[in-house]
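Quick notes on the structure that follows.
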Amino acid sequence: MFDGKKAREAVEAERLKLEEVVKDNKELIETLQRLQAEFENFRKREEKNKTEFEKFSTAGVFTEILPIMDAFESALKKGNEEQRGAIEPLYYLLKSFLGKNSVKQFSALNELFNPEMHEAVETGYSQDKDEGIVLEEFKKGYTLNGKLLRHATVKINQKPVKKIAEIKKQLQTQLQELEKEPPKEKTVESREDSGKIEGKEAETGKKEEEKEEKKPEAEGLEKEEPYNSTENDSVEKIGE
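Position 51 of the sequence shown, counted from 1, bears residue number 54 in the numbering used here, the numbering being contiguous throughout.
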């Protein structure tokens, strides 16, 4: 005879088993999907690193070439017409070579100072320029594939008031240091001077004592008999 209760229990048990299997499969699928995503991210990072390496692996070589460009530019500014005529072809040839390899030159003159692109090595002042404007460019800056290869070295506009304030601050710091630690040389000199003074006083006292000792002798000499002219005259005559 068919037992409906047992049949329902059997169906329910099978359903629970099926749900457990589905749950396990779902977790497994999620794990596989996560691993696949992580692997895809890893592959993209490696491709990016490879591309970055290819772009910037030559940075060291180009950095060594830049001083040659600086020398060419300096010679073009200072040289005569004949010298410039000899240098210009080489200069533009090297500049073209750098450009083909994604090395670009940028100018900072009359630009607002940017510490990420410029290196300030000197300051000046011009009333016609705003604070922080680049007044002079000593060396041009360069980028490689859009990233900084070398800072531009520049002279920037700075009001004299700031310079005075900086000097005043330095002087105050030096005065505070001197007050905390007085110079040792002065102490040594004062000791030497006091020793010299003591020596002079001792020498003066000794001389005074010698004078006092000589006084009785001088008084004794004053008490001797006066000169006898008769005896002296007789001695001279005997000799005759």
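Glycine included, each C-beta is placed from N, C-alpha and C at the ideal position.
- Starting from Lys162, trace the beta strand (DSSP E) both ways and give me its first and last residue. Mapped onto the sequence shown, residue 162 falls at position 159. According to the DSSP assignment, Lys162 belongs to no beta strand (DSSP E), since it is labelled neither H nor E.
Compute the beta-carbon to beta-carbon distance between Leu147 and Val106, rounded to the nearest angstrom, for a pair I have assumed lies under 8 Å.
On the sequence shown, position 144 is the one that residue 147 refers to. On the sequence shown, position 103 is the one that residue 106 refers to. So it is a contact: roughly 5 Å between Cβ atoms.
query = From Thr156 to Asn117, what does the alpha carbon distance come to, in whole angstroms?
reply = As a working note, residue 156 is residue 153 in the sequence shown. As a working note, residue 117 is residue 114 in the sequence shown. If you draw a straight line from the Cα of Thr156 to the Cα of Asn117, it comes to about 11 Å.
ask   = Are the beta-carbon atoms belonging to Ala123 and Ile159 less than 7 Å from one another?
value = Against the sequence shown, residue 123 aligns to sequence position 120. Against the sequence shown, residue 159 aligns to sequence position 156. Result yes, Cβ atoms of Ala123 and Ile159 sit closer than 7 Å.
**Prompt:** Where does Phe116 sit, in a helix, a strand or coil, going by DSSP?
**Reply:** Locating residue 116 in the sequence shown gives position 113, where the first residue counts as 1. In the structure shown, Phe116 adopts coil according to DSSP, grouped into three states.
For Val24, is the classification buried or exposed, using 16 other Cβ atoms within 10 angstroms of its Cβ as the cut-off for buried? In the sequence shown, the residue the question calls residue 24 occupies position 21. Looking at its Cβ environment, which holds fewer than 16 other Cβ atoms inside 10 Å, Val24 is exposed.
Which residues bound the alpha helix (DSSP H) around Thr66? Reading the sequence shown from its first residue, position 63 is the one you call residue 66. From DSSP, the alpha helix (DSSP H) with Thr66 extends over 62–81.
| field | Three-state secondary structure assigned by DSSP to Ala111 | value | Mapped onto the sequence shown, residue 111 falls at position 108. Three-state result, Ala111: coil.
Comparing C-alpha positions only, which one of Thr61, Glu134, Glu114, Glu119 sits nearest to Glu140? As a first step, residue 140 must be located in the sequence shown, where it is residue number 137. Per the Cα distances, Glu114.
Provide the residue span of the alpha helix (DSSP H) that contains Lys142, from first to last. Taking the sequence shown and counting its residues from 1, the one referred to as residue 142 is at position 139. Careful: Lys142 lies outside any alpha helix (DSSP H), inside the beta strand (DSSP E) at 137–142.
- Query: Where Leu181 and Asp133 are concerned, what is the direct C-alpha to C-alpha distance, given to the nearest angstrom?
  - Reply: In the sequence shown, counting from the first residue as 1, residue 181 sits at position 178. In the sequence shown, counting from the first residue as 1, residue 133 sits at position 130. C-alpha separation (whole angstroms): 39 Å.
Note to self: Counting only C-beta atoms, is Asn117 closer than 7 Å to chain C at any point?
What the structure shows: Of the protein chains in this structure there is only one, and it is not chain C.
Could you say which of Arg18, Gln108, Gln130 lies nearest to Met120 if we only look at CA atoms?
The residue given as residue 120 occupies position 117 in the sequence shown. Out of Arg18, Gln108, Gln130, Gln108 has the C-alpha closest to the C-alpha of Met120.
| said: Taking 8 Å as the cut-off, does the segment 58–75 touch the segment 89–103 (at least 3 CB pairs, one atom from each stretch)? | reply: Two segments are said to touch when three or more pairs of C-beta atoms, one from each, lie closer than 8 Å; by this definition the segment 89–103 touches the segment 58–75.
Output the distance between the C-alpha atoms of Tyr128 and Gln161, rounded to the nearest integer angstrom. Reading the sequence shown from its first residue, position 125 is the one you call residue 128. Reading the sequence shown from its first residue, position 158 is the one you call residue 161. When the Cα atoms are used, Tyr128 and Gln161 turn out to be separated by approximately 5 Å.
Practice problem: Note down the Cα distance separating Leu19 from Leu31, rounded to an integer number of angstroms. | Solution: In the sequence shown, counting from the first residue as 1, residue 19 sits at position 16. In the sequence shown, counting from the first residue as 1, residue 31 sits at position 28. Between the C-alpha atoms of Leu19 and Leu31 there is a straight-line separation of about 18 Å.
Alpha-carbon to alpha-carbon, Gly144 and Arg153: Walking along the sequence shown from the start, residue 153 turns up at place 150. Walking along the sequence shown from the start, residue 144 turns up at place 141. Straight across, the Cα-Cα distance linking Arg153 with Gly144 is about 5 Å.
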